[in-house]
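Asker: Before we start, here is the structure in question, set down as structure tokens.
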Amino acid sequence: MMGFSAAARRALLRLSVLCARPRTLPAARAGPELRPRRNLNVQATSSKAGKLKSIDDLPGPSLSTTLYWLFVKGYADKSHLLQGVQRRLYGPIWRSRFGPFDIVNVATPELIALVIQQEGRYPRRADLSHWQEYLDLRGLAYGLHVSPGPEWYRIRSALNPKMLKLQEVPAYAPIINQVVGDLLHRVEFLRSRSQDQATVSDMAAELYKFGFEAVSSILFETRLGCLQEEIPRDTLRFIAAVNTMLTVSDTVLLFPHWSRGVLPFWKRFVQAWDDLYGVAQTLIDRRIAEMDAQVSCGEPVEGMYLAYLLSSNTLSRTEVNITVTELLLGGVDTTSNTLSWALYHLARDRRAQDRLSTEVNSVCPDRREPTTDDLSRMPYLKAVIKETLRLYPVVPGNGRVSSENEVVLGNYWFPKGTQFHLCHYSACHDEAEFVDAELFVPERWLRSEAPGSVCGRAAPNFYQHHPYSFIPFGVGVRACVGRRVAEMEMYLALSRLMQHYEVQPEPGAPVVEPKTRTLLIPAKPIALRFLPRA
424 MMGFSAAARR ALLRLSVLCA RPRTLPAARA GPELRPRRNL NVQATSSKAG
474 KLKSIDDLPG PSLSTTLYWL FVKGYADKSH LLQGVQRRLY GPIWRSRFGP
524 FDIVNVATPE LIALVIQQEG RYPRRADLSH WQEYLDLRGL AYGLHVSPGP
574 EWYRIRSALN PKMLKLQEVP AYAPIINQVV GDLLHRVEFL RSRSQDQATV
624 SDMAAELYKF GFEAVSSILF ETRLGCLQEE IPRDTLRFIA AVNTMLTVSD
674 TVLLFPHWSR GVLPFWKRFV QAWDDLYGVA QTLIDRRIAE MDAQVSCGEP
724 VEGMYLAYLL SSNTLSRTEV NITVTELLLG GVDTTSNTLS WALYHLARDR
774 RAQDRLSTEV NSVCPDRREP TTDDLSRMPY LKAVIKETLR LYPVVPGNGR
824 VSSENEVVLG NYWFPKGTQF HLCHYSACHD EAEFVDAELF VPERWLRSEA
874 PGSVCGRAAP NFYQHHPYSF IPFGVGVRAC VGRRVAEMEM YLALSRLMQH
924 YEVQPEPGAP VVEPKTRTLL IPAKPIALRF LPRA
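The end of the sequence shown is residue 957 by this note's numbering, with every number in the run present.
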């Protein structure tokens, strides 16, 4: 293993995340009974299972074939494309095995829907036993990613009201608009320092800082200074800890337990979590002290998400600490990556950019700061974000463990404990679902458009696609808890950038392809020119 290249190691790690068999978790701690999600409740009896095919009957690549694709054919950083290759060879459902890992891949929206509909009341994603091990090591409470069954649902139910309810989300708009204002100042500062007085050489890096600052402002109710010229030391430590933890997390999962004392990955993983949790706890402690001071002075306690969690008494203090930290981990890349790809395509599609700019200016003339009501009158803005998420799903593949039910897919039967890989990238790029699937066409999400005028040909199914062919934030009780906040961040940031700048590619800039490192990210820096609008 240690002789593999960096790209090879990353590919092996991705396979480990997708394929890892779940370890048995401790019994769920007491929690209230919760309303289960609807599902097909397919019960495959032993007699029925005997008439169906099993996982052993599935086609799929051998280990040598997988290694050949990854390291000879160059798919080590392009495993999202490997979904399509394997689907063409083996059909819409196939088996992948790698050492102790064994998964069932499903790559059509119909099959993805069947897996999700049969997963039971407490859906489980891939194994995160190493996260659980760290929490046990430090005696910390479990959060969303580790808590089993009813405990997970109890925590999730406590988080939902202030994140997913439409009437609650607008309360976050003022702070997000403040952060967007800082992003605009940052863009202006960087372009003024560039040689041509226009270029930002790595826009994805700046949008990562924006995403970090925005989600922290909501979760910790504290501005961290990510977009300042001189970023505070604790903030840099926080960002570095997030990056390190996510980078080595897959490595820790891949290597056997005995290697903890030999290889450096576990030590780095623990140190990153210590730093991450330590800074998060400091921020929360500081906010609690501010709230206590307000109460002592007889002042009303004002706050957003953190204040709500702390005052609701639905979670313990340690559960709040770890859960808010986990929400931070999942709340940065969705915003930053999607905005990066959206700007990349708008810079290369003058027609789309002009249409978006016209829409924003018609709703908010004279660069008026958009409100959430204004956003509801910008359908093309939302279409741009949807199309970007279709082309570049933040997570190109998702894991599911059939921990409660046996699963039947067509004439195949799978027992409890089967690990499924939902191939979202393949479904989003399927020509049977999306006409001209490789093109950036925001109009495909606007039913008022004439299909022939967009893609150059009449297409009866232009607007018709299976609902499970595009689920960038997931569905059901396991859907992304921060979806509505993330969407609002992207809408506000992109609309205000369009108000202030015309965006162009840097002259001679190469085509930027995506690569897979668990998430789908740009393989190269995205350099863009920002020209002030009159």
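Positions of the beta carbon are idealized from the N, C-alpha and C atoms, including for glycine. Predicted model, so just to flag it, every value in this text is computed and none were measured.
Ends of the alpha helix (DSSP H) at GLN620?
Answerer: Walking along the sequence shown from the start, residue 620 turns up at place 197. Premise fails: GLN620 is in no alpha helix (DSSP H) and is neither H nor E.
Asker: In or out: LEU589 buried (at least 16 other Cβ within 10 Å) or exposed?
Answerer: Within the sequence shown, the letter at position 166 stands for residue 589. Exposed, since its Cβ has fewer than 16 Cβ neighbours within 10 Å.
Asker: My guess is that THR746 and VAL527 are in contact by the Cβ rule of under 8 angstroms, so how many angstroms apart are they, rounded?
Answerer: On the sequence shown, position 323 is the one that residue 746 refers to. On the sequence shown, position 104 is the one that residue 527 refers to. Between VAL527 and THR746 the Cβ distance is about 30 angstroms, and since that is not below 8 angstroms, they are no contact.
Asker: Within 10 angstroms of its Cβ, does PHE678 collect 16 or more other Cβ (buried), or is it exposed?
Answerer: Residue 678 sits at position 255 when you count from the first residue of the sequence shown. So PHE678 counts as buried.
Asker: Throw me the rounded Cβ distance for the ARG660 and GLU629 pair, which I believe falls under 8 angstroms.
Answerer: Taking the sequence shown and counting its residues from 1, one reaches residue 660 at position 237. Taking the sequence shown and counting its residues from 1, one reaches residue 629 at position 206. Not a contact, Cβ separation roughly 20 angstroms.
Asker: Using DSSP with H/G/I as helix, E/B as strand and the rest coil, what is LEU438?
Answerer: Looking up residue 438 in the sequence shown gives position 15. Below a pLDDT of 50, predicted positions are generally treated as unreliable, and LEU438, at 37, falls in that range; the measurement from the model is reported next regardless. Correct three-state label for LEU438: helix.
Asker: On a CA-only basis, which of ALA902, ASN828, THR761, ARG791 is nearest ASN821? Give me that one, please.
Answerer: As a first step, residue 821 must be located in the sequence shown, where it is residue number 398. Among ALA902, ASN828, THR761, ARG791, the Cα nearest to that of ASN821 is on ALA902.
Asker: Could you check whether CYS720 and GLN922 sit closer than 8 angstroms to each other, using their CB atoms as the reference points?
Answerer: The residue you call residue 922 lines up with position 499 of the sequence shown. The residue you call residue 720 lines up with position 297 of the sequence shown. No. Outside cutoff.
Asker: Straight-line CA distance for ASP756 to GLU749?
Answerer: For the purposes of this step, residue 756 is taken as residue 333 along the sequence shown, with counting starting at 1. For the purposes of this step, residue 749 is taken as residue 326 along the sequence shown, with counting starting at 1. Going from the Cα of ASP756 to the Cα of GLU749 covers about 13 angstroms.
Asker: Starting from VAL529 and walking both ways along the beta strand (DSSP E), at which residues does that stretch end?
Answerer: On the sequence shown, residue 529 is found 106 positions in, with the first residue counted as 1. From DSSP, the beta strand (DSSP E) with VAL529 extends over 524–529.
Asker: Would you say the beta carbon of PRO597 is closer than 7 angstroms to some non-hydrogen atom of the ligand HEM?
Answerer: The model on display carries no ligand, and the ligand HEM is accordingly not part of it.
Asker: Can you tell me whether DSSP reads PHE843 as helix, strand or coil?
Answerer: Along the sequence shown, one-based indexing puts residue 843 at 420. PHE843: strand per DSSP, three-state reduction.
Asker: Going by alpha carbons, who is nearest to ALA712 out of TYR700, LEU699, GLY726?
Answerer: Your numbering for residue 712 matches position 289 in the sequence shown. Of the listed residues, the one whose Cα sits closest to ALA712 is GLY726.
Asker: Does the stretch 777–784 come into contact with the stretch 608–628, if we say contact requires no fewer than three beta-carbon pairs (one atom in each stretch) closer than 8 angstroms?
Answerer: Contact between the stretch 777–784 and the stretch 608–628 is absent, because fewer than three Cβ pairs lie under 8 angstroms.
Asker: So the candidates are THR531, ASP479, ALA499, LEU475; which of them puts its Cα closest to the Cα of SER849?
Answerer: Position 426 of the sequence shown, counting from 1, holds the residue named residue 849. The option with the nearest alpha carbon to SER849 is THR531.
Asker: Would you decide whether HIS553 is buried or exposed? Buried here means 16 or more other CB atoms lie within 10 Å of its CB.
Answerer: The residue given as residue 553 occupies position 130 in the sequence shown. Burial call: buried.
Asker: Please name the residue, chosen from THR705, ALA730, LEU706, that lies closest to GLN717 on a Cα-to-Cα basis.
Answerer: Numbered from 1 along the sequence shown, position 294 holds the residue referred to as residue 717. When only C-alpha atoms are compared, the closest one is ALA730.
Asker: Which word fits ARG870, buried or exposed, when buried means at least 16 other C-beta atoms lie within 10 angstroms of its C-beta?
Answerer: Within the sequence shown, the letter at position 447 stands for residue 870. Classification of ARG870: exposed, given that the 10 Å Cβ count is below 16.
Asker: For the stretch 510–588, which segments carrying the alpha helix (DSSP H) assignment without a break, of at least 4 residues, lie completely within its bounds, in sequence order?
Answerer: For the stretch 510–588, whole alpha helix (DSSP H) runs of length 4 or above, ordered along the chain, are 532–540, 552–561, 572–582, 584–587.
Asker: Between ALA695 and the rest of its own chain, which residues show a CB-CB distance below 6 angstroms, the 5 nearest in sequence each way excluded?
Answerer: Position 272 of the sequence shown, counting from 1, holds the residue named residue 695. Cβ neighbours of ALA695 beyond the five flanking positions: ALA664, THR667, MET668.
Asker: How big is the Cα-Cα spacing for THR406 and ARG710?
Answerer: Beyond the ends of the chain as shown, which are 424 and 957, falls residue 406; an answer cannot be given.
Asker: For TYR513, which residues from the same chain have a beta carbon less than 7 angstroms from its beta carbon, with the 5 sequence-adjacent residues on both sides left out?
Answerer: As a first step, residue 513 is located in the sequence shown; it is residue number 90 there, counting from the start. Cβ neighbours of TYR513 beyond the five flanking positions: PRO482, GLY483.
Asker: For the beta strand (DSSP E) that GLU652 lies in, which residues bound it at each end?
Answerer: As a first step, residue 652 must be located in the sequence shown, where it is residue number 229. Counting along the chain, GLU652 falls outside any beta strand (DSSP E), and DSSP gives it neither H nor E.
Asker: Pull the bridge partners of ASN821 from the DSSP assignment, please.
Answerer: Here residue 821 refers to the residue found at position 398 when the sequence shown is read from its first residue. Answer is LEU845.
Asker: By DSSP's criteria, TRP836 is part of a beta bridge. Which residues make up the other side?
Answerer: Within the sequence shown, numbered from 1, the residue matching residue 836 stands at position 413. The partner list for TRP836 (beta bridge, DSSP) reads VAL831.
Asker: Please tell me whether LEU607 and PHE633 are closer than 8 angstroms, where the distance is taken between their beta carbons.
Answerer: If you number the sequence shown from 1, residue 607 lands on position 184. If you number the sequence shown from 1, residue 633 lands on position 210. No, the Cβ-Cβ distance between LEU607 and PHE633 is not below 8 angstroms.
Asker: What runs of the alpha helix (DSSP H), each 4 residues or longer, lie entirely inside the stretch 763–827?
Answerer: Within the stretch 763–827, the complete alpha helix (DSSP H) runs of at least 4 residues are 773–786, 795–798, 802–814.
Asker: Looking at C-beta atoms only, is the number of pairs between the stretch 755–774 and the stretch 786–800 that lie closer than 8 angstroms three or more?
Answerer: Contact fails: fewer than three Cβ-Cβ distances are below 8 angstroms.
Asker: Mapping DSSP to helix, strand and coil, what is TYR498?
Answerer: For the purposes of this step, residue 498 is identified with residue 75 of the sequence shown, where counting begins at 1. Coil, per DSSP.
Asker: Just list the residues that DSSP pairs VAL926 with in beta bridges.
Answerer: Reading the sequence shown from its first residue, position 503 is the one you call residue 926. The partner list for VAL926 (beta bridge, DSSP) reads PHE953.
Asker: Using only alpha-carbon positions, find the residue among LEU490, ARG773, LEU733 that is nearest to ASP715.
Answerer: For the purposes of this step, residue 715 is taken as residue 292 along the sequence shown, with counting starting at 1. With distances taken between Cα atoms, ASP715 lies closest to LEU733.
Asker: Between the stretch 831–839 and the stretch 939–948, can you find at least three pairs of beta-carbon atoms closer than 8 angstroms?
Answerer: Judged by Cβ distances under 8 angstroms, the stretch 939–948 makes no contact with the stretch 831–839, as fewer than three pairs qualify.
Asker: Would you mind working out which of THR670, LEU582, TYR557, ARG561 sits nearest LEU567, comparing C-alpha positions?
Answerer: Numbered from 1 along the sequence shown, position 144 holds the residue referred to as residue 567. With distances taken between Cα atoms, LEU567 lies closest to LEU582.
Asker: Spatial neighbours of LYS585 within its chain, please: CB distance less than 7 angstroms, with the 5 preceding and 5 following residues excluded, ordered by chain position.
Answerer: For the purposes of this step, residue 585 is taken as the residue at position 162 of the sequence shown. Hits under 7 angstroms: GLU591, TYR728, TYR731.
Asker: In the stretch 639–714, which residue ranges form an unbroken beta strand (DSSP E) of at least 3 residues, counting only runs that do not cross its ends?
Answerer: You should have found no qualifying run.
Asker: Exposed or buried, what is ARG790 when buried is set at 16 or more other beta-carbons lying within 10 Å of its beta-carbon?
Answerer: Reading the sequence shown from its first residue, position 367 is the one you call residue 790. When all chains shown are included, ARG790 counts as exposed.
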